[in-house]
Amino acid sequence: MNNSVVVKIPCGSLRGVVERSFEGYDYCAFKGIPYAEPPVGQLRFRDPIPVKPWSGVRDATNFGPMCIQNDFMSRSIVGSDDCLYLNIYVKFVDPNNHLPVMVFIHGGGFIFGSGDDLFYGPDYLLRKDIVLVTFNYRLGVLGFLNFGHEVAPGNQGLKDQVMLLQWVNKNIKHFGGDPSNITIFGESAGGSSVHYLTLSSLATGLFHKAISHSGVACNPWACTSDIQNAYKLCKNLGKDSTDPKELVDFLRSIDCTKIIQAQENMRSYENRLYCTVVFGPGVDNKSKEPFMPIHPLKAMEKGINVPLIIGCNVCEGIMILPGLKDSIMEEFEHNFEKYLNPVSILLLQRIGITPNDLKHYYFGDEKMSLKNVNKYIEYCTDLHFLEGIHRVISFQTKKSSTSTYFYRFTYDKEFSIMKSFINSTLPGTAHFDDLQYIFSMRMYDLLNIKHAKPGTTAYRIIEQITEMWVNFAKFGKPTPVKCDLLPIDWLPVSSDKNFCTLNINEELKIENTISIDERLTKKKHTKNKL
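Heads up, the sequence shown is in the numbering used here, so the first residue is 334 and it goes up one at a time.
Shown next as structure tokens:
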């Protein structure tokens, strides 16, 4: 059997490969397709430019290099600055098909990760007859260097995502995808990227629905405006100057491995406590073509004008446990206000409570320590993830005419990649745990973990989530009709204070969730009455 397949697109021809899913069906995979010119040399830190045509048939059977990064497993620097590649999966190629297109944006705190099948294999989703696109984008300093100057205004990595969507709109029909029905979805930094794309005028019209897992643009870790980090990086590399043009020329002359190592040296545990990134998305109003000319906290007030699914896991904060010690908790206890990030401070000002009110809400009269680390996890989940998500939902109910669906993922009976990596046995669904029910992961094979089997609870959850997500991609509704698999009617949120919520657990349940703003202010009023 010929296991290759050739597709011709405007830039040239691509030879993909026919692969066998672990569930037993065949599909076509096109890997390592360039969607922009390599951002190397003089193109480093610049906005992406369209890829040039090639002659002959280009091999598309292997993944392209990931963006250079400090690998969180091997603790070594891997990847390349030549990283702008995408992957396409479809059961079979027929340009006459008009299949829904789902474009996934990987997470990793804007500093690590890639779109390959280590974590994002297509096996579960392709059963539903879609076209799946995954891709790499520039990360860390290479994707978000910001001097507050047009020579390096920031958000290059988000502009990579815009160019990727432009490529998909132009080319996906040749793979059987429908360019008029594109859904973007992502997790963590990918989830916040989805939110950013819904807010940016540069991405208007490039997609039609959005799904955000565990991240929005207004989470404290998803927006940074400290341009001093760019100067600090150069100083750490031996170049002390106040001239952005001179510094960018300097950074273009250095091997990117040294740049990433210098970036890693700038990261500290304080970044974890503040829940901030050294180089990440922010305001790029000095750009000739800005992606986000105003702060996302302001931009988001207009709402999102496409149908939206948004949600998170019940114990996202478990991911913050590595390195946590009693001495750090004691420092946090005595200087709680100092370690509040700017976004959380604005929250307190908006709803009229003090840092001490906030501390008392989560910890009562107890001292913060590892003995009550579960309360710290709840605090981190709420302040670093859920508050921003709730804020987006509230604006949607007030400003948008499109439907917004809210979920909580609470199933916690299977192997957890996150908990295994951080050596945690705490109960609760951790950050990233939901994705193993959407994607087949090669990491499972590397860890010798068995994939879920038909007839098990885990497999039923896989079937339910992928069915709802693909329903949403097709129709804009996750549960268009009740059935044995989906015996619920998941309705959009209609109140800005009390959210209709789908609880994804062993059984699907519709619940109500009180917004964090309401919870905190009610607690304050109750405390004052006492």
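The beta-carbon is built from N, C-alpha and C at its ideal position, and this holds for glycine as well.
Could you tell me which of the options sits nearest to residue i, measuring between CA atoms?
| i | options | result |
| --- | --- | --- |
| C864 | E839, K492, D822 | This structure does not reach residue 864, given that the chain is present from 334 up to 863, and the question cannot be answered. |
| C713 | L680, R377, G650 | G650 |
| I726 | R600, L535, E622, V639 | V639 |
| V611 | G389, I592, K621 | I592 |
| S513 | S526, G490, T537 | T537 |
| N598 | Q402, A369, L841 | Q402 |
| I684 | L853, P398, M406 | L853 |
| C416 | Y453, P371, F405, D404 | P371 |
| R585 | F378, K815, E844 | F378 |
| D588 | S601, R600, D576, L570 | L570 |
| I382 | L535, Y368, K752, A543 | Y368 |
| K631 | G721, K578, S574, I795 | G721 |
| L657 | D817, A563, S601 | S601 |
| Y744 | V339, V803, E839 | E839 |
| R391 | T531, S346, L472 | S346 |
| G644 | F468, D715, I653 | D715 |
| L759 | I653, I795, A393 | I653 |
Roughly how many angstroms separate the alpha carbons of residue i and residue j, rounded to a whole number?
| i | j | result |
| --- | --- | --- |
| P787 | R793 | 7 Å |
| L768 | L459 | 15 Å |
| S827 | T730 | 6 Å |
| S447 | K830 | 36 Å |
| I847 | S677 | 18 Å |
| V495 | T762 | 32 Å |
| S757 | I515 | 37 Å |
| D766 | N646 | 8 Å |
| V581 | V549 | 30 Å |
| K855 | I710 | 21 Å |
| P688 | L680 | 10 Å |
| F425 | G397 | 22 Å |
| V436 | Y470 | 13 Å |
| I342 | F405 | 36 Å |
| V466 | C361 | 12 Å |
| M334 | P455 | Confidence at M334 is low in this model, with a pLDDT of 46, below 50, so its placement is unreliable and the value that follows should be read with caution. Looking at the two C-alpha atoms, the distance is approximately 22 Å. |
| V884 | E844 | Past the edges of the chain, shown from 334 to 863, lies residue 884, and the structure says nothing about it. |
| F445 | C400 | 8 Å |
| F669 | I782 | 40 Å |
| D817 | A522 | 34 Å |
| C648 | D573 | 43 Å |
| A543 | K746 | 28 Å |
| G636 | N502 | 24 Å |
| G697 | L691 | 9 Å |
| V340 | D559 | 45 Å |
| F739 | E664 | 35 Å |
So does residue i have its beta carbon nearer than 8 Å to some heavy atom of the ligand FMN?
| i | result |
| --- | --- |
| I843 | Annotation note on the ligand FMN: not contained in the displayed structure, which lists no ligands. |
Which residues mark the beginning and the end of the beta strand (DSSP E) in which residue i is found?
| i | result |
| --- | --- |
| R353 | 345-353 |
| G721 | Premise fails: G721 lies in the alpha helix (DSSP H), 720-732, not in any beta strand (DSSP E). |
| T394 | Unbroken run through T394: none, as it is neither H nor E. |
| S513 | 510-520 |
| E844 | 841-847 |
| T737 | 737-742 |
| S545 | 542-546 |
| L759 | L759 -> no beta strand (DSSP E), and no H or E assigned at all. |
| G481 | 479-482 |
| I438 | 432-438 |
| C361 | 359-367 |
| N420 | 418-423 |
Since residue i and residue j are thought to touch, with beta carbons under 8 Å apart, how far apart are those beta carbons, to the nearest angstrom?
| i | j | result |
| --- | --- | --- |
| S547 | H764 | 6 Å |
| V434 | G510 | 4 Å |
| P626 | K506 | That belief does not hold up - the Cβ atoms of P626 and K506 are roughly 32 Å apart, past 8 Å. |
| L841 | Q797 | 6 Å |
| D414 | K492 | About 16 Å; that fails the 8 Å criterion. |
| I410 | T590 | 5 Å |
| C344 | V384 | 6 Å |
| M662 | F728 | M662 to F728, Cβ: 34 Å. No contact. |
| F355 | H628 | Not a contact, Cβ separation roughly 45 Å. |
| M774 | L451 | 7 Å |
| F805 | I642 | 6 Å |
| K700 | E666 | 6 Å |
| V464 | F518 | Their Cβ separation, rounded to whole angstroms, is 13 Å, which puts V464 and F518 out of contact at 8 Å. |
| V474 | L566 | 6 Å |
| L432 | F468 | The Cβ separation is near 18 Å, so there is no contact. |
List the endpoints of the continuous alpha helix (DSSP H) containing residue i.
| i | result |
| --- | --- |
| M866 | Here the chain has residues from 334 to 863 only, and residue 866 is not among them. |
| C713 | 706-714 |
| V339 | It is not in any alpha helix (DSSP H) - V339 instead sits in the beta strand (DSSP E) that spans 337-342. |
| L691 | 688-696 |
Check whether chain B comes within 9 Å of residue i, counting only Cβ atoms and requiring the distance to be less than that.
| i | result |
| --- | --- |
| G524 | Absence of chain B from the displayed structure is noted, only one protein chain being present. |
Check: Any contact of the stretch 725-734 with the stretch 463-483, i.e. 3+ C-beta pairs under 8 Å?
Finding: no
Next item on the list: Evaluate the contact criterion for the stretch 550-558 versus the stretch 668-682: three or more CB pairs, one atom per stretch, below 8 Å.
Entry: yes
Notebook entry, point to check: Do the stretch 619-637 and the stretch 485-492 touch if we need at least three Cβ pairs shorter than 8 Å?
Noted result: yes
Next item on the list: Determine, using beta-carbon pairs with one atom in the stretch 519-526 and one in the stretch 438-447, whether at least three such pairs fall under 8 Å.
Entry: yes
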